[in-house]
Each structure stands twice: as C-alpha cells, then as structure tokens.
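Just so you know, we're using my numbering here: the sequence shown kicks off at 410 and counts up by one. Ideal Cβ placement from N, Cα and C applies to all residues, glycine included. Since we're looking at a predicted model, the values are computed, not measured. First comes the structure, then the notes that go with it.
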Amino acid sequence: MSGDSVDIRITRLADAASVLGQLQRGRGEGFLAALEMPPAQAADLVWECIVHDPRYDLQIDSRDLYYATLAQQVGVRVERLRPQNCPTPAPDLDQRLVIGVLAELVAVGANGADAALLGHVAHGADWDDAIYEISQSPGDLYRQLPAVLDARFPEDECVAIVHRWRYEVPWDQIANVRRWVKRAIDSFDDGPTANESPEPPPMDRPAAELLLYPWSRTLPKRLLHRLTVMLRAGERDELIAALETPGPGRWVAFQALARLDDPGGMSVAEAIVRVDASGPERAAALRYLKNLSGEHTLTLARSWVGESGGRGVAARGVFERHAEASDLLLLVGGLAEAWEARDFYALCSFIDALARLSDPASAEQIAAIYEEAEYSYARRRAARALVAIDEQAFIDRYARSALWDCEREIQDLAIGLLGNHVDEVAARQIEAIEGQRIR
Numbered sequence: 410m411s412g413d414s415v416d417i418r419i420t421r422l423a424d425a426a427s428v429l430g431q432l433q434r435g436r437g438e439g440f441l442a443a444l445e446m447p448p449a450q451a452a453d454l455v456w457e458c459i460v461h462d463p464r465y466d467l468q469i470d471s472r473d474l475y476y477a478t479l480a481q482q483v484g485v486r487v488e489r490l491r492p493q494n495c496p497t498p499a500p501d502l503d504q505r506l507v508i509g510v511l512a513e514l515v516a517v518g519a520n521g522a523d524a525a526l527l528g529h530v531a532h533g534a535d536w537d538d539a540i541y542e543i544s545q546s547p548g549d550l551y552r553q554l555p556a557v558l559d560a561r562f563p564e565d566e567c568v569a570i571v572h573r574w575r576y577e578v579p580w581d582q583i584a585n586v587r588r589w590v591k592r593a594i595d596s597f598d599d600g601p602t603a604n605e606s607p608e609p610p611p612m613d614r615p616a617a618e619l620l621l622y623p624w625s626r627t628l629p630k631r632l633l634h635r636l637t638v639m640l641r642a643g644e645r646d647e648l649i650a651a652l653e654t655p656g657p658g659r660w661v662a663f664q665a666l667a668r669l670d671d672p673g674g675m676s677v678a679e680a681i682v683r684v685d686a687s688g689p690e691r692a693a694a695l696r697y698l699k700n701l702s703g704e705h706t707l708t709l710a711r712s713w714v715g716e717s718g719g720r721g722v723a724a725r726g727v728f729e730r731h732a733e734a735s736d737l738l739l740l741v742g743g744l745a746e747a748w749e750a751r752d753f754y755a756l757c758s759f760i761d762a763l764a765r766l767s768d769p770a771s772a773e774q775i776a777a778i779y780e781e782a783e784y785s786y787a788r789r790r791a792a793r794a795l796v797a798i799d800e801q802a803f804i805d806r807y808a809r810s811a812l813w814d815c816e817r818e819i820q821d822l823a824i825g826l827l828g829n830h831v832d833e834v835a836a837r838q839i840e841a842i843e844g845q846r847i848r
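Encoded structure:
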C-alpha cells in the first residue's frame, strides 16, 4: 500500500466471536450463523451493519453484495433502507453503504429497491453516490432522475449535476424530459477544449522528447516498451536525468528503470519517500523500489523496516517481493507490532512477506488476523498466506464458510480448494457465486 488517498474510518466493532462481530467483518461464519437465527433478530443485526457502516477502508472493503444477499434471505424490509429510516448522517456516519446495498437489490429486482434508491437522490445526504449507482444499474431507472432532481435542486444546480455525471448517465436519451437537461448537455459539449492534451509524440522519437510529454499516470505499454526493450545507446542517462524534475517525466523514468532493474534512481526515490508527502511522486518512488530486485533493495529495507512514514512503507513493499529466510524474525516482530496497533496497511505487507516464506510458526497469528481483523481486505491476504503455509489446514478450518465471505477473492480461493467435495448447500452457494459473476 502506498498510503495515498484512502478513505478509512476507525470504528469499534463487536467482539469477533459474536454473530454481530462476524457480520460487521463480512465473514462467512456470520452469514451462516444469521441464517440459523430467528429471522426478525437476524434482520435487526443486518440492518445495524448496513446503516452503521463497519468498513475500515471504504474504497476497498467489500460489503454491498454480502449485506444485500443476506438482507433478502433474512427479510430486511427495503423500507428500512430509505433515508428517513436511517440514522442521521454525521462526520463518521454516512449512507454510502446503504446506497450500495440498495443498488445490489435493484440489480436483482428486489421489490421497492428502485424507489428507495431514488429516495436517496430526493432526500438523502449522499445523493451523488445514489446518482452514480443509478447510472450503473440495469434498466431505465435513470429516466426518473430529472423529475427527482428538479424537485430538490434549483435549475443551475441540476445543470451542474448533469455536467458532473455527463458520461455516466445517458442524459441524451432523456434530453427532452426537462429543458434544463438539454441546456446542460449543450453547455457541457460546447465547453472549452483548451486543456486537452496535445497528441503524444511518435514512439520513434528520442527518449528526451518522450519524457517531456505530459503522460497520464497509466502509461501506454508501447511507451514502456520503447524505453526498455528499444532503449537506444545513451538514453539511459536521459532516464536518470528525468528523475531530477517532478512531473510525468519522473513517473515514466521510474517505471522504465524498474523494468530494467536499474538501481540508478534509488537516491532520488530515497529522497522522495524520506519526505513522506503523499501523491503521485511518492507512489512512483515506492513502486520503483518495490519492483527492483532484492539484491538492490533488501539491505536498505532491513535498515528501514522499523521506521514510520515513507521509509517503512518502502521497506515493507520490498519484503513483500523479496523477503528471505534470514528476515523471518524481523517480519514476525513487525507483524505482531502492526496487529497490536491495527496498522492494517503495514499488516498486509508483513502477511504477504510471511506467505512468501511459508512460515509455519506464524500460522496461528495469521489465523487470528483472519478471524478478527476489522479490515476485510487484510483477511484476503491472511487467507492466501494460510493456504501457502498449510493448505489442508485452511480447507479443514475455513474453506466451507469462506464460500459466504464478503470478499470475492476468498470465495474463489475456497471454490478452488474444495473442488467437487462439497455438500448440497455449499454446491448451491458456488452456483450462486458463479451466477453473480455472470451478472
């Protein structure tokens, strides 16, 4: 993890062994336990999870489908997910998870879900998230947006909303519903284009010229091919020189040098991560250090691993890829410290490094993380590590319930491990997962 731009919340969850605690964490055990409870009691627990978002990282932790499926099976009434029936939004409480769950319910045709989702546009605090989900939903629910927006916002704000979601919502198909929709489309499409990037230079141009172009952060494969496989004599110096100036040229140079396994950019990368500022410069430097071979970076990583900030992040990234048996004590200690501090991004890196070494001694600690972590993405990493350490132990202890986990990667891992050796209920769940994949 680079540590850049994340949307996290620190929240105290119920005990990990309780049904509520398991549901909050998105575990398969919690899903199955809820199905065994009286439906009204289970519905209350699921509603509690949906309206008091338990996710640690809102960008990564997966819960929408998990709660939507469970809500249908235990009978959570869609009416309870309307904005007026949810807790009042606060700085640490919003309705984005409610909206995501409703979007999943709309996708499967749950009765009343479309009206409830539109209700979040009409009355909810997170109406913009509701617009996005409507734009992604099947059918023609988007056709009702103009009337709902018109009733809530002044016309100029409605126009701004069309501009904001110009490419997500098919406004052209409903341009005649309200005059302001057509006006908004025309004003957006006729807007200035002065900020459009110039055409990129041909790939046969010198490296210095290619490095001056304002490339986006997702670089064309042909560019990296040109600056690595097709690098000309003397152009390696151009890559090193490009590192001295912040901007797209530096990002390109870092990626090219990493592919070449060239340590020539290490001093610049070290300086960037030492400052520990967030943003594309830091992300590029961290990726560069992580992708170099261990012979260049392991010594540095061992000296940095105990540090906070960018150096610690860089060290852990190196260990993910290149940890050696001699690093075991360092990694086990780092894992324990990260778990105690609930530093989940550091924790994920230490788990991956230990998975690389398949260390049996760390299995119980990683199993505790699998069962208790508030961050479901960390459970994904723990599952992979446990399989690498002792595949049969994971099958015996976790694989069946993992079919109901909130994280698709964990479900897929379980499917691959179990094969055809499943009971009828598990077989139906595997069929449901495959059906969701098609949808």
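For residue i, the three-state DSSP class (helix, strand or coil)
i	result
Leu-669	coil
Gly-844	helix
Asp-559	helix
Leu-652	coil
Leu-422	coil
Ala-499	strand
Glu-457	helix
Ala-850	The requested residue 850 does not occur in the structure, where the chain is confined to residues 410 to 848.
Gly-658	helix
Tyr-576	coil
Gly-509	helix
Leu-429	helix
Gly-742	helix
Pro-447	coil
Gln-664	helix
Ser-712	helix
Ser-735	helix
Ser-785	helix
Arg-696	helix
Nearest-angstrom beta carbon gap, residue j and residue i [assumed within contact, 8 Å]
i	j	result
Gly-743	Phe-759	5 Å
Arg-489	Gly-528	Going by Cβ atoms, the distance from Arg-489 to Gly-528 rounds to 12 Å, so no, they are not a contact pair.
Ile-594	Ala-584	6 Å
Leu-628	Val-661	6 Å
Glu-783	Arg-434	6 Å
Gly-658	Ala-651	4 Å
Ser-544	Ala-512	At roughly 10 Å, the Cβ-Cβ gap does not stay under 8 Å, so Ser-544 and Ala-512 are not in contact.
Leu-636	Ala-665	4 Å
Gly-548	Gln-504	Actually they are not in contact, since the Cβ atoms of Gly-548 and Gln-504 sit about 22 Å apart, beyond 8 Å.
Tyr-786	Asp-473	Their Cβ separation, rounded to whole angstroms, is 15 Å, which puts Tyr-786 and Asp-473 out of contact at 8 Å.
Ala-791	Ile-778	5 Å
Leu-740	Ala-734	Actually they are not in contact, since the Cβ atoms of Leu-740 and Ala-734 sit about 10 Å apart, beyond 8 Å.
Val-682	Arg-720	6 Å
Residue i, enclosing alpha helix (DSSP H) - first and last residue
i	result
Ser-676	675–684
Ser-471	First-last for Ser-471: undefined, no H or E at that position.
Gly-435	Taken as a continuous stretch (DSSP letters only), Gly-435 belongs to no alpha helix (DSSP H), as it is neither H nor E.
Leu-490	Segment: none, Leu-490 is in no alpha helix (DSSP H) and carries neither H nor E.
Ser-702	Run containing Ser-702: none; DSSP gives neither H nor E here.
Gln-553	Premise fails: Gln-553 is in no alpha helix (DSSP H) and is neither H nor E.
Val-485	Careful: Val-485 lies outside any alpha helix (DSSP H) and carries neither H nor E.
Asp-462	Here Asp-462 belongs to no alpha helix (DSSP H), and DSSP marks it neither H nor E.
Glu-566	564–573
Gln-719	One point to set straight first is that residue 719 is Gly, not Gln, in the sequence displayed. Note, Gly-719: alpha helix (DSSP H), 718–731.
- Task: Let me know the alpha helix (DSSP H) ranges lying completely inside the segment 787–848, each 4 residues or longer, listed in chain order.
- Result: DSSP runs (the alpha helix (DSSP H)) wholly in the segment 787–848: 800–803, 817–827 and 833–847.
- Which runs of the alpha helix (DSSP H) fall wholly inside the segment 515–549 and span at least 4 residues, in chain order? 522–532 and 536–545
- Task: Go through the segment 587–650 residue by residue and report every complete run of the alpha helix (DSSP H) that reaches 4 residues or more, in order.
- Result: 588–598, 616–621 and 630–635
- Should the segment 572–584 be regarded as contacting the segment 557–564, the criterion being three or more beta carbon pairs within less than 8 Å? no
- Task: Check whether the segment 817–837 touches the segment 476–483, counting contact only when three or more Cβ pairs, one atom from each stretch, lie closer than 8 Å.
- Result: No, they do not touch.
- Message: To test your reading of the DSSP string, which unbroken alpha helix (DSSP H) runs of 4 or more residues are found completely within the segment 744–783?
- Response: Runs of alpha helix (DSSP H) with 4 or more residues, each lying fully within the segment 744–783, are found at 753–766 and 772–781, listed in chain order.
- Task: Give a yes or no on contact between the segment 445–459 and the segment 782–799, applying the rule of three or more CB pairs nearer than 8 Å.
- Result: no
- Task: Pair every Cβ in the segment 441–453 with every Cβ in the segment 762–779, then say whether three or more of these pairs are closer than 8 Å.
- Result: no
- Query: Quick check: the segment 492–511 against the segment 531–542, are there 3 or more CB pairs under 8 Å?
  - Reply: Enough Cβ pairs lie closer than 8 Å, so yes.
- Would you say the segment 803–811 touches the segment 418–432, given that touching needs at least three Cβ pairs under 8 Å? no
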